[in-house]
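Here's the structure we're looking at; comments come further down.
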Amino acid sequence: MSEAEVEQVRGALQAAIPNEATLAEMPEAEQQAIEDAAMEAAAVMPDKTMEDPMPEAATEPMIVLQGQFQDADAFHQGSGLAKLFELPDGSRLLRFEDFQVTNGPALHVLLATNPNPTSSDDLGEYIDLGQLKGNVGSQNYEIGANVDLSQYNSIVIYCKPFHIVFSIAPLS
Numbered sequence: 002m003s004e005a006e007v008e009q010v011r012g013a014l015q016a017a018i019p020n021e022a023t024l025a026e027m028p029e030a031e032q033q034a035i036e037d038a039a040m041e042a043a044a045v046m047p048d049k050t051m052e053d054p055m056p057e058a059a060t061e062p063m064i065v066l067q068g069q070f071q072d073a074d075a076f077h078q079g080s081g082l083a084k085l086f087e088l089p090d091g092s093r094l095l096r097f098e099d100f101q102v103t104n105g106p107a108l109h110v111l112l113a114t115n116p117n118p119t120s121s122d123d124l125g126e127y128i129d130l131g132q133l134k135g136n137v138g139s140q141n142y143e144i145g146a147n148v149d150l151s152q153y154n155s156i157v158i159y160c161k162p163f164h165i166v167f168s169i170a171p172l173s
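FYI, the numbering for the sequence shown is 2 to 173, going by our numbering.
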């Protein structure tokens, strides 16, 4: 399958998933059927690999926090490193290295207060850093200078429509 065809299938999968409000109005059995179908379809999609380079700077960036990704459960698995850098210009960057996570629909990167959330109820407060760029490879996410990093204890890969934790990186 060509990359364009894969992106077309990926887009069709995303479009087929109802929004959160529509899902909330559905009977639980129908929600579960849609979730199961979406997870099965996403799991067999080809990996989407990212290779964001680390930004170059006059002086070395400083690692503020870091953590190792771990599996959320037997199906939702992740590995690799999450590193939070403070760059010489004062900006902050979350970087994934040697990263891999189970493919899924509408995955997002969250900075969460709970150090080890296993479900949406466990997340605590969080900041959504945006949609996951790829399920494999190095990638970067900007973190606002106004964010108090001492309040956040994990990076979470999270499926927004179905409220499922895919992988967690407790930070220290």
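We treat Cβ as the ideally placed atom computed from N, Cα and C, and that holds for glycine.
message: Between 36, 38, 167, which has its C-alpha nearest residue 103's C-alpha?
response: Taking the first residue of the sequence shown as 1, we reach residue 103 at position 102. The shortest Cα separation from residue 103 among 36, 38, 167 belongs to 167.
field: Delimiting residues of the beta strand (DSSP E) encompassing residue 110
entry: Working through the sequence shown from its first residue, we reach residue 110 at position 109. Start and end: 108-113.
query: Out of 100, 19, 31, 69, which has the shortest C-alpha to C-alpha gap to residue 49?
result: The residue labelled residue 49 in the question sits at position 48 within the sequence shown. Per the Cα distances, 100.
The beta strand (DSSP E) enclosing residue 50, as first and last residue numbers: By 1-based counting over the sequence shown, the position of residue 50 is 49. Unbroken beta strand (DSSP E) run through residue 50: 50-52.
- prompt: Under a CB-based cut-off of 9 Å, is residue 113 close to chain B?
  reply: Looking at the structure shown, chain B is missing, and only one protein chain is on hand.
message: Going by DSSP in three states, residue 72 sits in which element: helix, strand or coil?
response: To locate residue 72, count along the sequence shown from 1; it is residue 71. Strand.
- prompt: Does the stretch 102-121 come within contact of the stretch 130-150, defined as at least 3 CB pairs closer than 8 Å?
  reply: yes
query: Residues bridged to residue 83 by DSSP?
result: Reading the sequence shown from its first residue, position 82 is the one you call residue 83. Residue 83 pairs with 68, 97.
Element boundaries [beta strand (DSSP E), containing residue 170]: For the purposes of this step, residue 170 is taken as the residue at position 169 of the sequence shown. Start and end: 165-171.
query: Hey, how far is the Cα of residue 81 from the Cα of residue 116?
result: On the sequence shown, residue 81 is found 80 positions in, with the first residue counted as 1. On the sequence shown, residue 116 is found 115 positions in, with the first residue counted as 1. Whole-angstrom Cα-Cα distance: 17 Å.
- request: Starting from residue 24, follow the alpha helix (DSSP H) in both directions and report where the run begins and ends.
  value: To locate residue 24, count along the sequence shown from 1; it is residue 23. Per DSSP, residue 24 belongs to the alpha helix (DSSP H) from 21-26.
- prompt: Who does residue 157 pair with in a DSSP beta bridge?
  reply: Counting from one through the sequence shown, the residue named residue 157 turns up at place 156. DSSP output for residue 157 lists 111, 169 as bridge partner(s).
message: Check for me: the alpha helix (DSSP H) holding residue 33 runs from which residue to which?
response: Sequence index remark: in the sequence shown, residue 33 carries index 32 (1-based). First-last of the alpha helix (DSSP H) with residue 33: 29-44.
task: Just confirm the distance between the C-beta atoms of residue 172 and residue 151, as a whole number of angstroms; I'd bet it's less than 8 Å.
output: Taking the sequence shown and counting its residues from 1, one reaches residue 172 at position 171. Taking the sequence shown and counting its residues from 1, one reaches residue 151 at position 150. The Cβ separation is near 10 Å, so there is no contact.
message: Short of 6 Å in beta carbon distance, which residues of its chain neighbour residue 141, apart from the five on each side in sequence? Order them along the chain.
response: Taking the first residue of the sequence shown as 1, we reach residue 141 at position 140. Within the same chain, residue 141 has close Cβ partners 53, 94, 96.
message: In whole angstroms, give me the CA-to-CA distance for residue 158 and residue 108.
response: Along the sequence shown, one-based indexing puts residue 158 at 157. Along the sequence shown, one-based indexing puts residue 108 at 107. Their backbone Cα atoms lie some 6 Å apart in a straight line.
message: Does residue 7 come out as helix, strand or coil in the three-state DSSP assignment?
response: If you number the sequence shown from 1, residue 7 lands on position 6. The answer is helix: DSSP assigns residue 7 an H, G or I state.
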